[in-house]
Amino acid sequence: MEWYHYLNGFFVGAFLSNSLPHLVKGVCGDKFPTPFAKPSGRGLSSPALNVVWALLNMVIAYLFFRFSKLSFQDNLSVITFFAGFAIVSLISSKGFASKHKE
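Okay, here's the thing in structure tokens:
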């Protein structure tokens, strides 16, 4: 595989990781930060907007997946996918810890 297939695999993990908290909070009916809140990423957005944001992240992850040639037979492919997932998860946990309360 070419190097950019691995990079695409990294972004598959990153966008999937970002979709999860938005989807869970949206489906549960809770407000949660999105880039569209005021202030951006800190204020709270509606549950419906969080579901839409999660779905958009999933579509982007799918598009990266289509061009990644991600394969669970290729260990480096799995490692780069997991690295993207883990890095965005850790960054999100720190960023969302300081979100505004209602």
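Under full-length UniProt numbering, read the sequence shown as residues 1 to 102, first letter to last.
For every residue, glycine included, the Cβ atom is placed at its ideal position computed from N, Cα and C.
1) Between Asn57 and Ala97, what straight-line distance do the alpha-carbon atoms span, to the nearest angstrom?
2) Between Ala48 and Leu20, what straight-line distance do the alpha-carbon atoms span, to the nearest angstrom?
3) Are the beta-carbon atoms belonging to His5 and Ala54 less than 7 Å from one another?
4) Drop a sphere of 10 angstroms on the beta-carbon of Ser17, count the other beta-carbons inside from all chains shown, and report buried for 16 or more, exposed for fewer.
5) Mind the definition here: the segment 80-94 touches the segment 5-14 only if three or more C-beta pairs lie below 8 Å; say whether that holds.
6) Taking Glu2 as the reference, give the member of Gly43, Ala86, Leu70 and Ser46 with the closest Cα.
7) Using CA coordinates, which residue listed in Val59, Val24 and Gly41 is at the minimum distance from Ile91?
8) Output the boundary residues of the alpha helix (DSSP H) element that contains Arg66.
9) Alpha helix (DSSP H) containing Asn84: first to last residue?
10) Beta carbon of Gly43, beta carbon of Ala37: below 7 Å?
11) Report the residue from Leu7, Ser68 and Val52 whose alpha carbon sits nearest the alpha carbon of Lys25.
According to the structure shown:
1) Along the sequence shown, read from residue 1 onward, the residue named residue 57 stands at position 57. Along the sequence shown, read from residue 1 onward, the residue named residue 97 stands at position 97. Between Asn57 and Ala97, the C-alpha separation is close to 21 Å.
2) Taking the sequence shown and counting its residues from 1, the one referred to as residue 48 is at position 48. Taking the sequence shown and counting its residues from 1, the one referred to as residue 20 is at position 20. If you take the alpha carbons of Ala48 and Leu20, they lie about 14 Å apart.
3) For the purposes of this step, residue 5 is taken as the residue at position 5 of the sequence shown. For the purposes of this step, residue 54 is taken as the residue at position 54 of the sequence shown. Taking 7 Å as the Cβ cut-off, His5 and Ala54 do not qualify as a contacting pair.
4) Here residue 17 corresponds to residue number 17 of the sequence shown, with the count starting at 1. Buried, by the Cβ-count rule.
5) yes
6) As a position in the sequence shown, residue 2 is number 2, starting the count at 1. Nearest C-alpha to Glu2: Leu70.
7) On the sequence shown, position 91 is the one that residue 91 refers to. Ranking Val59, Val24 and Gly41 by Cα distance to Ile91 puts Gly41 first.
8) The residue you call residue 66 lines up with position 66 of the sequence shown. Looking at the DSSP string, the run of the alpha helix (DSSP H) that includes Arg66 is Pro47 to Ser68.
9) Mapped onto the sequence shown, residue 84 falls at position 84. The sequence shown places Gly at residue 84, not Asn. Note, Gly84: alpha helix (DSSP H), Asn75 to Phe96.
10) In the sequence shown, the residue the question calls residue 43 occupies position 43. In the sequence shown, the residue the question calls residue 37 occupies position 37. Taking 7 Å as the Cβ cut-off, Gly43 and Ala37 qualify as a contacting pair.
11) As a working note, residue 25 is residue 25 in the sequence shown. Comparing Cα-Cα distances from Lys25 to each of Leu7, Ser68 and Val52, the minimum goes to Val52.
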